[in-house]
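In UniProt numbering, the protein residues as written are 1 to 237.
Just so you know, even glycine gets a beta-carbon here, dropped at the ideal spot from N, CA and C.
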């Protein structure tokens, strides 16, 4: 077996869906967290050097386009149906730049928060720039993913900040359980004259299905936090 096949990853997770990094945070060990963050950054740098040139080539050879993707989650339960999200993604591709517009910005007090966000991905030979544009607040947040190695001092300071942030925040794991999911064709018409439901979306006939048994599981751990913080987060549940 080659070394690449046995190479460990800090993003690996156990049967409870906790990653290596999250388990280190739960142990409240700054040394372990720092070590995992350093290894993660090394892996990400290696991955970028391999993936960014490939992505750039694919973007350059793909024709420019604009598409819309409409999706929604529904429920037969009245209260739950109000909590189900939906959105229409608007996607533009021009040259080596991709823009994605969305209206979902967060989830608070059992309701989805709406806004007007754009995510812009610009690929170059030296890396990728990701911009988050908030059209409501007129602000832009940018993150640059470079192929070249970061300055060692800058990397170390970033990792130290990452350790402090993780030790002062709850550990949250969110996963989708599809073990019991099932799909069923939606019907239209009156009783006795029902047929499979079909909708026309942007000129294409689309079959409509409903999904059941899809569970979103969110877990929170606070054993690494001070007692005052533990009680605060327990009170929120």
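Per DSSP, the bridge partner or partners of residue i
i: residue 145; result: 128
i: residue 97; result: 94 and 122
i: residue 172; result: 220
i: residue 211; result: 183
i: residue 134; result: 117 and 139
i: residue 198; result: 207
Nearest residue (CA-CA) to residue i, options the options
i: residue 135; options: 227, 145, 102 and 112; result: 102
i: residue 90; options: 67, 26, 42 and 131; result: 67
i: residue 125; options: 59, 183, 160 and 73; result: 59
i: residue 130; options: 116, 96, 162 and 160; result: 96
i: residue 202; options: 69, 170 and 172; result: 69
i: residue 226; options: 192, 187 and 168; result: 168
i: residue 113; options: 122, 87 and 93; result: 87
i: residue 184; options: 171, 213 and 200; result: 213
i: residue 65; options: 57, 92 and 54; result: 92
i: residue 208; options: 199, 215 and 216; result: 199
i: residue 121; options: 94, 138 and 139; result: 94
C-beta atoms of residue i and residue j nearer than 9 Å
i: residue 219; j: residue 178; result: no
i: residue 189; j: residue 180; result: no
i: residue 98; j: residue 84; result: no
i: residue 162; j: residue 145; result: no
i: residue 33; j: residue 166; result: yes
i: residue 171; j: residue 22; result: yes
i: residue 164; j: residue 216; result: no
Distance between beta carbons of residue j and residue i, contact taken as under 8 Å
i: residue 100; j: residue 119; result: 5 Å
i: residue 10; j: residue 20; result: 5 Å
i: residue 223; j: residue 26; result: 6 Å
i: residue 37; j: residue 159; result: 5 Å
i: residue 55; j: residue 123; result: 6 Å
task = Jot down the residue ranges of each uninterrupted beta strand (DSSP E) in the segment 36-81, minimum 3 residues, whole runs only, in chain order.
result = Complete beta strand (DSSP E) runs here, min 3: 65-72.
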